[in-house]
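What follows is a short report on a single structure.
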Amino acid sequence: MNYGYVRVSTIGQNIDRQIEELYSLGLNNDQIFIDKQSGKNFERVAYKQLLGILKENDLVIVKSIDRLGRNYDMIIEEWTKITKEKKCDILVIDMPLLDTRQRPDNLIGRFISDIVLQILSFVAQNERENIIQRQTEGIRVARLKGVKFGRKKLPTPENFEKVATLYLNNKISSYNARLLLGDMSRGTFYRRIKNFTNNK
0 MNYGYVRVST IGQNIDRQIE ELYSLGLNND QIFIDKQSGK NFERVAYKQL LGILKENDLV
60 IVKSIDRLGR NYDMIIEEWT KITKEKKCDI LVIDMPLLDT RQRPDNLIGR FISDIVLQIL
120 SFVAQNEREN IIQRQTEGIR VARLKGVKFG RKKLPTPENF EKVATLYLNN KISSYNARLL
180 LGDMSRGTFY RRIKNFTNNK
């Protein structure tokens, strides 16, 4: 039996392109499993359902290799689980070399696919690490130049000390105090009250 697996990292992302590719290969809705969740982990309902029904010689089709995972270790782990433990095949549409099926028109098969996968996954992981390193270096240089990151700290209202004193003396409620401070958020209010009492 042939199955398709589709993953998008957010609910709002469009899955039509992946679905259309699977339809063109003869799959129907009952054969397609869809997850709309991040690839950080594999606690995903549809993916688990797919693994649960796979039988030897079944075929799992994905649009691209990153549908199996976000990093090198994850992709290798899931590839091994499907091809070695479940004894199923995998076809990656965007990378024809990643087709483990043994057919007369496919002499590459599982062995070469495994090698190609190792190389591609390593390159992808290495590139991700390089991007993170470049971002980290860019942030460090920007900080050295005085660039500030994060949300800008809101100025303390001029009447804060007076309002805080009334609140701490139980003259007004926290709700009324926050209203007097320009509808200050609860978190900001209590944080500034704590700083105020610590500095007294």
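Take the sequence shown: its letter number 112 is residue 111 in numbering that gives the first Met the number 0, and every next letter is one higher. Where is the CB? At the ideal position from N, CA and C, for every residue including glycine. Since the structure is predicted, the reported quantities are computational estimates derived from the model, not experimental observations.
Query: Buried or exposed for residue 146, please, with buried defined as at least 16 other CB atoms from any protein chain shown within 10 angstroms of its CB.; Result: exposed
Query: Check whether the region 95-102 and the region 67-77 are in contact - that is, three or more C-beta pairs closer than 8 Å.; Result: no
Query: Can you give the Cα-Cα distance for residue 13 and residue 131, rounded to whole angstroms?; Result: 26 Å
Query: Given that a residue counts as buried once 16 or more other Cβ atoms are within 10 Å of its Cβ, and exposed if not, what is residue 139?; Result: exposed
Query: Taking its Cβ as the centre, do 16 or more other Cβ atoms sit within 10 Å of residue 121, making it buried, or is it exposed?; Result: exposed
Query: Which value, in whole angstroms, describes the spacing of the CA atoms of residue 185 and residue 177?; Result: 7 Å
Query: Starting from the N-terminal side, write out each stretch of the beta strand (DSSP E) that is 3 residues or longer and does not extend beyond the region 16-80.; Result: 31-35, 58-61
Query: Out of 71, 35, 50, which has the shortest C-alpha to C-alpha gap to residue 89?; Result: 50
Query: Mind checking which residues open and close the beta strand (DSSP E) that includes residue 6?; Result: 1-7
Query: In whole angstroms, give me the CA-to-CA distance for residue 31 and residue 134.; Result: 37 Å
Query: Find out if the Cβ-Cβ distance for the pair residue 92, residue 47 is shorter than 8 Å.; Result: no
Query: Locate the beta strand (DSSP E) running through residue 89, then write down its first and last residues.; Result: 88-91
Query: Quick one: grab the DSSP three-state call for residue 98.; Result: strand
Query: Could you round the C-beta distance between residue 2 and residue 64 to whole angstroms and report it? I think they count as a contact, below 8 Å.; Result: Residue 2 to residue 64, Cβ: 16 Å. No contact.
Query: When you compare the CB positions of residue 181 and residue 154, do they come within less than 8 Å of one another, or not?; Result: no
Query: Nearest to residue 33 by alpha carbon, out of 26, 22, 45, 25?; Result: 45
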